[in-house]
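Residue numbers (the working numbering), protein chains in the order written: chain A, 1 to 598; chain B, 1001 to 1074.
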Amino acid sequence: MSGYIGKVLRINLKLKSIKVEELDIEKAKKFIGGRGLGTKLFMDEVDPKVDALSPENKLFIVAGPLTGTSVPTGGRYMVVTKSPLSGTIASSNSGGHWGAELKAAGYDVIIIEDKADEPVYITIEDDKVEIKEASRLWGKLVTEVTNEIKAEMPDKAKILTIGPAGEQLSKMAAIMNDYDRAAGRSGVGAVMGSKNLKAIAVKGSGKTPIFDEAKLKEANTGFMKQIREHGVTGTGLPTYGTAVLVNIINENGVLPTNNFQTSHFEAADDISGETMTNEYLLRKNPCYRCPIACGRWVKIEDMGLEVGGPEYETLWAFGSDCGISDIVSIFKANYWCNEYGLDTISVGSTIAAAMELYEKGYIKDDELDGTSLAFGNPDATIEWTQKIGKKEGLGAKMAEGSYRLCEMYGVPELSMSVKKLELPAYDPRGIQGHGLQYATSNRGGCHVRGYMISPEILGVPEKLDRFTLEGKAAWVKTFQDLTAVIDSLGLCLFTSFAMNAADYTKAYNAVCGTEHTVESLLEAGERIYALERLFNLQAGIDPAQDTLPKRLLEDPIPEGPSKGNVHRLSELLPEYYTLRGWGENGIPESDRLSKLGL
Amino acid sequence: MKITVRLFATFRDGRQKVLELNLPDPATPQGVIDKLGIDQAEVAILLINGRDGKLDTILMENDTISLFPPVGGG
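Here's what the structure looks like:
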């Protein structure tokens, strides 16, 4: 079937066996690819109760049917496994060029099983696949590993690797590819590290088969025009990157500051996209076939570095959330996260939680084996990020993530997380729909499972009042279902500013020869969402965890434009459950599951 | 009346980040963007004191207006 290569590469690291299997096309059609197909494959092979860092957990690296095609942004892959941080399904996706190269090499899926006896890495050159000894690479930073493996591979090979944080099993470890792109969230890098797998290098010479080239070409022309002419994807993101959000989120009074103790940061402009673009931007750093090119490349003069620049989330995590206005310190913390292979959101948020623990006297000076954890200290984020990466001293406690860190001091409520995954850069007390999405995201505190900032703040596709509740549950469900589709196709979520469900349907049908309608594609999204929910329930994640930190439910924002608001989750959740067919208790009902073919 | 205008992203090109304007009463955001030479079609987000505003909202003394062209991210 077009769009899919039809091949699964199954590698057992203990047995050192490499098998190529046929992809089950019926499964692929039902769950699309990427996030959806990965979840289905996981559930068919692994018990969700598995210990995430045990050899019995498996790592599924899954491209989408549009990955490696000419559809704009079609270069993404998804890592699906059980999260060691949250215990939920982990599905972390990444851009860059690695995913497209996997398809070119002739595979839709890589399944990594068991654990190697010694550190190894995998090289793939079309049908030549090898497991190689990696002791010389173990302990090395991401850039060094990438360069060393590149030197032995054919020209233009793409490298996916973990850094030392993944080796050390930090629950915030990411899987990095193409130097600075990250499957960042949920601790997927620790799962790879637990298998003694350092890297996967890939070089391919093939192409993804297309069902109707002429129809696809015509569709792509339209998509490119839409993306280039839309203000967000044509001007805002290309000019400023995602960092453009710093000022707008702050102007709305929902930029979490000092570990969400307030949500207005006086010095926001110092860490904004405008400042980064005007004073530090060297060039854009686009992913595969992306006309948006939101990726940044910046200079860090006093380190003599030209490196990947921070996203909005990172500017927030190492900026206002830690009370820090020194943008260069954020570049450095971001750099160390990329080199150690760490999720910038979780690391920044965990340091912010540590700062509050220090401020309130839970972490005492005699325990500090590094620079002060005072809010506003720019040296702290740089130094503690490295200590987390090395699991050194107090950094080892922090490497467990903010929830476990705060729990160690008896105050888990100071962790700004949902299902133990650190919340991103938007205070839901002033964005009610977005808060519902945080509480119900299948991987925990995440903004890109249903980006309600788009309608509630940015006015895309239409402006909603961010403080009201009416209609928000339905919006969240639709956004979550559509996002599941986009994540499964292998496209970037940012296309959704300019493209709609009908566009994705058109692209999928042209590439794969399917006859999807908008309704059937969104139903596939709902099916994927329900399957992830079933994973979580089987893993023992109680629906009571569909909640927000106590602070966000009980303590009003103390100042700024959103002053006085709390999140009204209890008023939204019942309607959301009803719309999903999850009954009163958040458990999918059998008639809805059978309607979805589950 | 005294109004503070805060400009962001491309609206800063050729203009200051923050402006203090004295406008005749009654004043509206429409009057502000006209005075600054900003095309109405380019205004994607208009906040008055951090809350969603409209171009014809009557402004009060010491109001702060924030103006953004289309922006987004994640």
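Even glycine gets a Cβ: it sits at the ideal position worked out from N, Cα and C. As the structure is a prediction and not an experimental result, all values here were calculated from the model.
**Study point:** DSSP beta-bridge partners of F1068(B)
**Key:** Sequence index remark: in the second sequence, residue 1068(B) carries index 68 (1-based). For F1068(B), the pairing in a beta bridge is given by DSSP as I1045(B).
Review point. Can you list, in chain order, the residues of its chain whose CB lies under 8 Å from that of N93(A), leaving out five sequence neighbours each side?
Key: As a working note, residue 93(A) is residue 93 in the first sequence. Hits under 8 Å: G34, R35, R76, Y77, M78, V79, A183, D487.
Point to revise | Runs of beta strand (DSSP E) lying entirely within the segment 196-250 of chain A, each at least 3 residues, in chain order | key: Within the segment 196-250 of chain A, complete beta strand (DSSP E) segments of at least 3 residues are found at 197-203, given in chain order.
Review point. Going straight from the alpha carbon of H516(A) to that of N1022(B), what length do you get?
Key: Here residue 516(A) refers to the residue found at position 516 of the first sequence. Here residue 1022(B) refers to the residue found at position 22 of the second sequence. C-alpha of H516(A) to C-alpha of N1022(B): approximately 57 Å in a straight line.
Practice item. Would you kindly check if the distance between the Cβ of A353(A) and the Cβ of N599(A) is under 7 Å? Key: Outside the displayed range of chain A (1 to 598) lies residue 599(A), so it cannot be described from this structure.
**Study point:** Closer than 7 Å to chain A by CB, G1031(B)
**Key:** As a working note, residue 1031(B) is residue 31 in the second sequence. No, G1031(B) does not count as interfacial toward chain A.
Exercise for review: Please report the Cβ distance between S244(A) and G1073(B), rounded to the nearest whole angstrom; I am assuming they are in contact, meaning their Cβ atoms lie under 8 Å.
Suggested key: As a working mapping, residue 244(A) is identified with position 244 in the first sequence. As a working mapping, residue 1073(B) is identified with position 73 in the second sequence. Checking the displayed sequence, the identity of residue 244(A) turns out to be Val instead of Ser. The C-beta distance from V244(A) to G1073(B) rounds to 6 Å, short enough to fall under 8 Å.
Review point. The segment 1038-1051 of chain B: which residues have C-beta closer than 9 Å to a C-beta of chain A, in chain order?
Key: Residues of the segment 1038-1051 of chain B with a Cβ closer than 9 Å to any Cβ of chain A, in chain order: E1042, A1044, I1045, L1047, N1049, G1050, R1051.
Practice item. Would you decide whether L305(A) is buried or exposed? Buried here means 16 or more other CB atoms lie within 10 Å of its CB. Key: Stepping through the first sequence from its first residue, residue 305(A) is reached at position 305. It counts as exposed.
Exercise for review: Would you mind working out which of T385(A), R228(A), L41(A) sits nearest M499(A), comparing C-alpha positions?
Suggested key: Taking the first residue of the first sequence as position 1, residue 499(A) is located at position 499. If you compare the alpha carbons of T385(A), R228(A), L41(A) with that of M499(A), the shortest gap goes to R228(A).
Exercise for review: Could you say which of N252(A), G187(A), L423(A), T221(A) lies nearest to G560(A) if we only look at CA atoms?
Suggested key: Here residue 560(A) is taken as the residue at index 560 of the first sequence, counted from 1. Taking the Cα of G560(A) as reference, the smallest distance to any Cα among N252(A), G187(A), L423(A), T221(A) is reached at N252(A).
Practice item. Name, going along the chain, the residues of the segment 236-256 of chain A whose beta-carbon falls closer than 8 Å to a beta-carbon of chain B. Key: Sequence-ordered contacts of the segment 236-256 of chain A with chain B read G236, L237, T239, Y240, G241, T242, A243, V244, L245, N247, I248, E251, N252, G253 [C-beta pairs closer than 8 Å].
Practice item. Go ahead and pull the three-state DSSP assignment for N1022(B). Key: Sequence index remark: in the second sequence, residue 1022(B) carries index 22 (1-based). Strand.
Review point. Under a CB-based cut-off of 7 Å, is F1011(B) close to chain A?
Key: For this step, residue 1011(B) is matched to residue 11 along the second sequence. Not one chain A Cβ lies under 7 Å of F1011(B).
Check your understanding: S417(A) by DSSP, collapsed to three states: which one?
Key -> Reading the first sequence from its first residue, position 417 is the one you call residue 417(A). Look at S417(A) here: in three-state DSSP terms it is strand.
Check your understanding: Quick check: the segment 257-276 of chain A against the segment 44-54 of chain A, are there 3 or more CB pairs under 8 Å?
Key -> Result no; under three Cβ-Cβ pairs closer than 8 Å.
Check your understanding: If you compare alpha carbons, which of W138(A), G96(A), F375(A) is closest to K390(A)?
Key -> Looking up residue 390(A) in the first sequence gives position 390. The candidate whose alpha carbon is nearest that of K390(A) is W138(A).
Review point. So what's L373(A) in DSSP terms, helix, strand or just coil?
Key: The residue you call residue 373(A) lines up with position 373 of the first sequence. L373(A) falls in the coil class under three-state DSSP.
Point to revise | Touching by the beta-carbon criterion (3+ pairs, under 8 Å), the segment 206-223 of chain A and the segment 113-123 of chain A | key: When Cβ pairs closer than 8 Å are counted between the two stretches, the segment 206-223 of chain A is seen not to touch the segment 113-123 of chain A, the count staying below three.
Check your understanding: T468(A) lies in the beta strand (DSSP E); which residues open and close that run?
Key -> One-based indexing of the first sequence puts residue 468(A) at position 468. According to the DSSP assignment, T468(A) belongs to no beta strand (DSSP E), since it is labelled neither H nor E.
Review point. Where does the unbroken alpha helix (DSSP H) through S570(A) begin, and where does it stop?
Key: In the first sequence, residue 570(A) corresponds to position 570, counting from 1. It spans 569-580 - the alpha helix (DSSP H) in which S570(A) sits, taken as one unbroken run.
Practice item. Mind checking the segment 480-503 of chain A against chain B and listing, in chain order, the residues whose C-beta falls within less than 9 Å of any C-beta there? Key: Those would be L493, F494, F497, in chain order.
Point to revise | Of the listed residues Y508(A), L522(A), I557(A), G95(A), nearest to C290(A) (C-alpha basis) | key: Along the first sequence, one-based indexing puts residue 290(A) at 290. The shortest Cα separation from C290(A) among Y508(A), L522(A), I557(A), G95(A) belongs to G95(A).
Check your understanding: Is K19(A) helix, strand or coil by DSSP?
Key -> As a working note, residue 19(A) is residue 19 in the first sequence. Collapsing the DSSP output to three states places K19(A) in a strand.
Review point. Is there contact here, the segment 419-431 of chain A with the segment 440-455 of chain A, by at least three beta-carbon pairs under 8 Å?
Key: Because the criterion of three Cβ pairs below 8 Å is met, the segment 419-431 of chain A and the segment 440-455 of chain A touch.
Exercise for review: Using the Cα positions of L405(A) and D1039(B), report the straight-line distance between them to the nearest angstrom.
Suggested key: What you label residue 405(A) is simply residue 405 of the first sequence in a count that begins at 1. What you label residue 1039(B) is simply residue 39 of the second sequence in a count that begins at 1. Their backbone Cα atoms lie some 50 Å apart in a straight line.
Review point. Start and end of the alpha helix (DSSP H) containing M276(A)?
Key: Mapped onto the first sequence, residue 276(A) falls at position 276. Here the alpha helix (DSSP H) through M276(A) covers 273-279.
**Study point:** Reduced DSSP category for S590(A) - H, G, I as helix; E, B as strand; rest coil
**Key:** Counted from its first residue, the first sequence places residue 590(A) at position 590. Three-state result, S590(A): helix.
Check your understanding: Between the Cα of V411(A) and the Cα atoms of I363(A), I457(A), T381(A), Q480(A), which residue gives the shortest distance?
Key -> Sequence index remark: in the first sequence, residue 411(A) carries index 411 (1-based). Taking only the C-alpha atoms, the option nearest V411(A) is I363(A).
Practice item. Can you check the segment 468-499 of chain A for any alpha helix (DSSP H) of at least 4 residues that lies completely inside it and give the ranges in chain order? Key: For the segment 468-499 of chain A, whole alpha helix (DSSP H) runs of length 4 or above, ordered along the chain, are 472-489.
Practice item. Determine, using beta carbons only, whether P1026(B) comes closer than 7 Å to chain A. Key: Residue mapping note: residue 1026(B) aligns to position 26 of the second sequence, counting from 1. Chain A contact via Cβ: absent.
Exercise for review: Taking C-beta pairs closer than 9 Å, name the residues in chain B that G231(A) reaches, listed in chain order.
Suggested key: Along the first sequence, read from residue 1 onward, the residue named residue 231(A) stands at position 231. Identification of chain B residues near G231(A) by a Cβ-Cβ cut-off of 9 Å yields E1042, A1044, P1069, P1070, V1071, G1072, ordered along the chain.
Check your understanding: On the three-state DSSP scale, how would you describe G323(A)?
Key -> Sequence index remark: in the first sequence, residue 323(A) carries index 323 (1-based). Note: G323(A) maps to coil in three-state DSSP.
Check your understanding: Out of curiosity, what's the CA-to-CA distance linking E22(A) and I111(A)?
Key -> By 1-based counting over the first sequence, the position of residue 22(A) is 22. By 1-based counting over the first sequence, the position of residue 111(A) is 111. Between E22(A) and I111(A), the C-alpha separation is close to 13 Å.
Review point. Taking the Cβ atom as the reference point for each residue, do P1026(B) and V232(A) lie within a distance shorter than 7 Å?
Key: Here residue 1026(B) corresponds to residue number 26 of the second sequence, with the count starting at 1. Here residue 232(A) corresponds to residue number 232 of the first sequence, with the count starting at 1. Taking a C-beta distance under 7 Å as the contact criterion, P1026(B) and V232(A) do not qualify as a contact pair.
**Study point:** Rounded Cβ spacing between V460(A) and S454(A) (contact assumed at less than 8 Å)
**Key:** Residue numbering aside, residue 460(A) sits at position 460 when the first sequence is read from its first letter. Residue numbering aside, residue 454(A) sits at position 454 when the first sequence is read from its first letter. Confirmed, about 5 Å.
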